[in-house]
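Colleague:
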Amino acid sequence: RWLFNQAVCTLYAFCGVLFGLCSLTSLTVLSTVCCLKVCYPAYGRCWDVLSDLCLHPSLVAGLVPGAWSYGPEPYGTACCIMWKASSREATLYILALFIFCYLLPCLLILISYSLILWTVRVSRRAVRQH
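Be aware that the sequence shown starts at 171, since it is given in my numbering, and climbs by one per residue.
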């Protein structure tokens with residue numbers, strides 16, 4: 171059973187979501203910058219523009235007041251998003267969170283590292299031919 175009140179539960183869950191999203195966003199920015207530096211060296215200095223993307227999770231997670239609700243997990247040891255959405259706004263928030271803060275960053279990471287591997291492979295072939 172959760173030992174603290176609902177306000178502490180909400181703060182605990184919000185911080186968990188926010189820091190998790192910031193972590194994934196940092197990995198996404200890092201993979202994108204690596205891809206730019208390896209695959210497109212002329213654009214490798216675009217870090218200033220990409221670093222602004224770190225605000226993305228906080229905007230999605232924090233600027234939608236009332237659309238999310240947090241509560242204790244089934245075992246009561248921690249708090250998280252109430253995945254069983256009871257309203258349309260909560261369902262849309264969970265879908266937006268999944269698509270824009272999980273699915274798209276994961277796809278961008280996958281594409282970035284795939285481009286890096288492809289560039290290295292093409293470069294290796296070019297070196298072998300000469």
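Think of the CB as a built atom: it goes at the ideal place given N, C-alpha and C, for glycine as much as any other residue. Note that the structure is predicted; figures quoted are calculated from it, not measured.
1) Which ranges would you report for the alpha helix (DSSP H) in the stretch 251 to 294 if only whole runs of at least 4 residues count?
2) Of the choices 185, 281 and 294, whose alpha-carbon is the least far from that of residue 202?
3) Restricting to Cα atoms, I'd like to know which of 263, 257, 296 and 250 is closest to residue 184.
4) Is it right to say residue 290 is buried, meaning 16 or more other beta carbons lie within 10 angstroms of its own, or is it exposed?
5) Are residue 240 and residue 179 touching if we call contact CB-CB under 9 Å?
6) Per DSSP, what are the beta-bridge partners of residue 182 in this structure?
7) Could you give the first and the last residue of the continuous beta strand (DSSP E) run that contains residue 240?
8) Could you compute how far the alpha carbon of residue 188 sits from the alpha carbon of residue 270?
Modeller: Taking the definition as stated:
1) If we require 4 residues or more, the alpha helix (DSSP H) runs fully inside the stretch 251 to 294 come out as 258 to 268.
2) When each option's Cα is compared against that of residue 202, the closest is 281.
3) Per the Cα distances, 250.
4) Residue 290 counts as exposed, since fewer than 16 other beta carbons sit within 10 angstroms of its beta carbon.
5) In this structure, residue 179 lies closer than 9 Å to residue 240 by Cβ.
6) Per DSSP, none; premise fails for residue 182.
7) Note, residue 240: beta strand (DSSP E), 240 to 242.
8) One Cα belongs to residue 188, the other to residue 270, and the distance between them is close to 13 Å.
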